[in-house]
Amino acid sequence: MKNVVTRFAPSPTGYIHIGNVRSAIYPYLVARQNNGKMILRIEDTDRGRYVEGATELIEDTLKWLGLDWDEGPLVGGPNEPYFQSERREIYLEWAKKLMDAGRAYADPTPEEKIDEYRHECNEKKVPFLYRNFRPENPPKWEPGMPIRFKTIPKSYDWHDEVMGDMHTGPEVLDDIILIKKDGYPTYNFAHIVDDAEMGVTHVMRGVEYLSSTPNYLALYEALELSRPLLISLPHILAPTGNKKLGKRDGAKSVTEYRDDGVLPEAMLNYLACLGWNDGTEQEIYTKDELVEKFSIERIQNSGARYDETKLLWMNGQWIRRIFDEQGARALYDRTVNFWPEEAASYPEEYRVKVLSIIYDRLKTMSDLKTMTGYFFTEPEIDVTAIVENKFLKKMSEAEIESLLKTAIQKLSDVKEWTEDKLQVALNELLEETGKKPAELFSLIRIAVSFAPFSPALNLTLVVLGREVSLARLNAVARSI
RNA sequence: GGUUCCGUCGUCUAGUGGUCUAGGACGUCUGGUUCUCAUCCAGAAAAUCGCGGGUUCGACUCCCGCCGGAAUCACCA
């Protein structure tokens, strides 16, 4: 396929949450895969729901995920403007053309009257269709009047790339509003006009638009436009219940995950594979792999439940992958905002070392805050933590004290404070004292960190350094 | 209620008539990796393929009916 043009067209009503980023990811993938263009268009036609700053939030979210766009806010393009509120003249022109052709009309009916019609139908238990109440002699249009499409009720067949062959009868077609009385277009009309003007070839959006599609088809026809490829994306379901994931169910914003230390690679990977797979058993995909392997045909046609646990697992995978493939430094660059406050006064090099021994324990970057405290602050000595430790509680305090002193002596004699030399010393200590690793190592580990867990003992000692390690051990020895 | 879509382990999924005694991943459980936590490795439990009919030598796969779930029916997108 050539000249592929896709778009992501959110309305600026707040943040983008995980339930709806997928309709940005898939169009992006399709555009890049086909050397096509991706358009970002802001559908701000509902002034009541407009949220200040939402556009920036959308831009930030996309940029963070690594989804860039070829046309739209910030980058411009040949079809400017990309805010629908600035394109009102265009929609009005198209609507006028429709009126001239007798396919649209100005509707003078007051809204209360429409409510009455609707009510009437509900009473009679017949479907409410405005076309049955079409005003007989619509007035000439003037500003302040809504414009409605004059539909021709008939059956439609079409193909949805995800849902398959579709068919509906005339009962779903109605005289939908094209231009609201406030002069802004409805989504229903605006997106058709914009997609046509911008040359959009693939319309990807949530399945909630599937039932309106016949009306769009009627519009394409009346406007003599060729149909773009229609691609309905199934909903992402909330963790519980069968509802689609929405802000009401506590759907977190994408940026919230960023702030919690989820990597964009993991987020993109997880979301792209929620409801799509390439048929192989691969689970971890880079953005480039997704671009290469993505296919519309393999998008699932049923909703997928959002599972944060799996996202977090994937994030752990990505943390390790970045460390292993790009090095400690590359991973460190992603951690700047996630260290405990006290870490700021330590040299960067030291933080990199801490990261290097702790990274494989991280699920999110923000775990650094809770997991690395003892590297940056003197832990509070808590003798009970030692005495009541499950490996140490069978020893008397005197025994513990003497064991600790032996250990201090041995470690003080270590010439080079390195990973290997420390391990040798630790092993010798084991032999000399006749203690089990569980006893000896637990004692030293707790004395040096007072943390519920820490990396391998020799590594912890290396990073802490000789001085700090011995000082802490001595302090504990004095406290017993 | 009308219209439309969907229905394989708890979850995400593989599966296009025989190779499925249904595969993988997350999660769970067990064991191993000199202490802890995690990683990693090995293993286990976990799906009568929504239900009932049919077609066929043979159906998770095709057809029909039913049931269940969802979406939509706005001057919101």
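Numbers given in our numbering equal positions in the first sequence, counted from 1, plus 2. Note that the Cβ used here is the ideal one computed from N, Cα and C, for glycine as well.
- Taking C-beta atoms under 8 angstroms as the contact rule, residue 86 and residue 187 qualify, at a distance of about 7 angstroms.
- Distances from the alpha-carbon of residue 281 to those of 427, 296 and 273 put 296 closest.
- Closest option to residue 16, judged by alpha-carbon separation, among 7, 248, 335 and 244: 248.
- Between residue 231 and residue 193, the CB-CB gap reaches or exceeds 8 angstroms.
- With a 10 Å radius around the Cβ and a threshold of 16 neighbouring Cβ atoms, residue 400 comes out exposed.
- Relative to residue 345, the option among 377, 56 and 272 whose CA is nearest is 377.
- Residue 169 sits exposed, since fewer than 16 C-beta atoms from the chains shown fall within 10 Å of its C-beta.
- Look at residue 165 here: in three-state DSSP terms it is coil, with no helix or strand label.
- Taken through DSSP and simplified to helix, strand or coil, residue 92 comes out as helix.
- By the 16-neighbour rule on beta-carbons within 10 angstroms, residue 141 is exposed.
- By the C-beta density criterion, residue 44 is buried, having at least 16 other C-beta atoms within 10 angstroms.
- Of the residues assessed, residue 25 falls on the buried side of the cut-off, its CB having 16 or more other CB atoms within 10 angstroms.
- Annotated three-state conformation of residue 20 is coil, per DSSP.
- By the 16-neighbour rule on beta-carbons within 10 angstroms, residue 139 is exposed.
- Fewer than three pairs of CB atoms, one per stretch, sit closer than 8 angstroms, so the region 347–364 makes no contact with the region 437–451.
- Your pair residue 371 and residue 342 checks out as a contact, with CB atoms roughly 5 angstroms apart and the cut at 8 angstroms.
- In this chain, residue 237 is not harboured by any beta strand (DSSP E), its DSSP state being neither H nor E.
- Its Cα nearest to that of residue 292, the residue 35 stands out among 394, 35 and 224.
- Between the region 41–58 and the region 80–100 there are three or more C-beta pairs closer than 8 angstroms, enough to call the two in contact.
- Separation of residue 6 and residue 202 (C-alpha to C-alpha, rounded to the nearest whole angstrom) is 7 angstroms.
- Within the DSSP bridge table, the entry for residue 193 names no partner.
- Here DSSP, grouped into helix, strand and coil, assigns residue 314 to helix.
- Look at residue 158 here: in three-state DSSP terms it is strand.
- Note on the region 120–160: whole beta strand (DSSP E) runs with a minimum of 3 residues are 149–151, in chain order.
- By the neighbour-count criterion, in which a residue is buried when 16 or more other Cβ atoms sit within 10 angstroms of its Cβ, residue 455 is exposed.
- Separation of residue 308 and residue 28 (C-alpha to C-alpha, rounded to the nearest whole angstrom) is 17 angstroms.
- Between the region 312–329 and the region 252–270 there are three or more C-beta pairs closer than 8 angstroms, enough to call the two in contact.
- With distances taken between CA atoms, residue 75 lies nearest to 40 out of 104, 40 and 113.
- Between the alpha carbons of residue 136 and residue 100 lies a gap of roughly 16 angstroms.
- Bounds of any beta strand (DSSP E) do not take in residue 215; it lies within the alpha helix (DSSP H) bounded by 215–224.
- For residue 30, same chain residues with a beta-carbon under 6 angstroms away, outside a window of 5 residues either side, are 40 and 69 in chain order.
- Residues of the same chain with a CB within less than 8 angstroms of the CB of residue 388, apart from the 5 flanking positions on each side, are 394, 402, 445, 448, 449, 478 and 482 in chain order.
- A residue is called buried once 16 or more other Cβ atoms fall within 10 Å of its Cβ, and residue 161, having fewer, is exposed.
- Your pair residue 18 and residue 255 checks out as a contact, with CB atoms roughly 6 angstroms apart and the cut at 8 angstroms.
- Around residue 209, the same chain offers 234 and 236 as residues with beta carbons nearer than 6 angstroms, after the five sequence neighbours per side are excluded.
- Excluding the 5 residues flanking it on each side, residue 79 has same chain C-beta neighbours closer than 6 angstroms at 73, in chain order.
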